[in-house]
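First residue of the sequence shown: 1, per UniProt numbering; consecutive thereafter.
Beta carbons are placed, not taken as given, at the ideal position from N, Cα and C, and that holds for glycine.
Read the structure below first, then the notes.
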Amino acid sequence: MLSTASGRFKVISIAEGCSFLILLVFGSLLSRISDINLVMPLGLLHAVLFILYLLAMMDARTKLSWDNKTTLLAFIAAIPPFGPFVFDYKMKHKLVEPTPAPATA
Numbered sequence: 001m002l003s004t005a006s007g008r009f010k011v012i013s014i015a016e017g018c019s020f021l022i023l024l025v026f027g028s029l030l031s032r033i034s035d036i037n038l039v040m041p042l043g044l045l046h047a048v049l050f051i052l053y054l055l056a057m058m059d060a061r062t063k064l065s066w067d068n069k070t071t072l073l074a075f076i077a078a079i080p081p082f083g084p085f086v087f088d089y090k091m092k093h094k095l096v097e098p099t100p101a102p103a104t105a
């Protein structure tokens, strides 16, 4: 799955979306109701995954021939908490590796 641009993008997209939700729930909420403060380590993890998301998005743009609209939607999808999941669901047809044409003899 990680050997293709679409596979890498999907895995990193899911990880980035989950890290944002975990940061919101455990980082923000837990620090408000208890003495446990996980904002810094979870924020760092989310930041690293966000950068990987952007790199995977640009790789997918090149290898999957995304247009500017699809790339912009992928970028915007990284901002709201459930955005990466919605983008993955709505754009399944654009997250497919192109199949090479069969060689004719």
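Residue i to residue j span [Cα, whole Å]
i     : j     : result
ARG32 : LEU38 : 11 angstroms
PHE85 : ASP35 : 31 angstroms
PHE9  : ALA15 : 10 angstroms
GLY43 : LEU23 : 6 angstroms
ALA5  : LYS63 : 7 angstroms
Assigned exposure category for residue i - 16 Cβ within 10 Å defines buried
i     : result
MET40 : exposed
PRO80 : exposed
LYS69 : exposed
CB contact flag (residue i, residue j, <9 angstroms)
i     : j     : result
TYR53 : SER13 : yes
MET58 : LEU73 : no
PHE75 : GLY17 : no
Unbroken alpha helix (DSSP H) run spanning residue i, endpoints
i     : result
GLY27 : That residue, GLY27, is in no alpha helix (DSSP H); it is neither H nor E in DSSP.
HIS46 : 39–63
Candidates the options, of which the one nearest residue i by Cα
i     : options                    : result
LEU45 : PHE20, TYR89, LEU55        : PHE20
SER3  : GLY83, ILE76, TRP66, ALA60 : ALA60
SER65 : LEU30, HIS93, VAL25        : HIS93
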